[in-house]
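Using the working numbering, the first residue of the sequence shown is number 9, and each one after it goes up by one.
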Amino acid sequence: MDLSKKEQEKYLKELGSYIVKLREKRDLKQYELSDLLDIDVRVLRRIEKGETNIQVLFLFKLAEVLDVSPTSFISLKKER
9 MDLSKKEQEK
19 YLKELGSYIV
29 KLREKRDLKQ
39 YELSDLLDID
49 VRVLRRIEKG
59 ETNIQVLFLF
69 KLAEVLDVSP
79 TSFISLKKER
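Here it is as structure tokens:
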């Protein structure tokens, strides 16, 4: 299934919001999570705003750090 550009942008924003929710649930600041992920805090900000697409391998690392299943990021689409 191909997503339109608008659908892709919407999904990236939902994904970013979900990451923020998980980060805040663990009482982590952006700089703390970015340190754990070994990425620049500016990159994390762009991800959380839905401004950038992320690679699958990064999702696995993110899931590990936030202690969730990698599939939780994919299931966002199903919940719409």
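All C-beta atoms, glycine included, are put in the ideal place defined by N, C-alpha and C. Just so we're clear, the structure is a prediction, and the values are computed from it rather than from any experiment.
| query | result |
| --- | --- |
| For ARG31, the three-state DSSP class (helix, strand or coil) | helix |
| Cutoff 6 Å; reference ARG31; Cβ partners in own chain excluding five residues on either side | LEU41 |
| Inter-residue spacing [alpha-carbon to alpha-carbon] between LEU134 and ARG34 | With the chain represented from 9 up to 88, any question about residue 134 goes unanswered, as that position is not in the structure. |
| Option nearest ILE55 by Cα separation, candidates SER12, GLU15 and LEU23 | LEU23 |
| Helix, strand or coil at GLY58 [DSSP, three-state] | coil |
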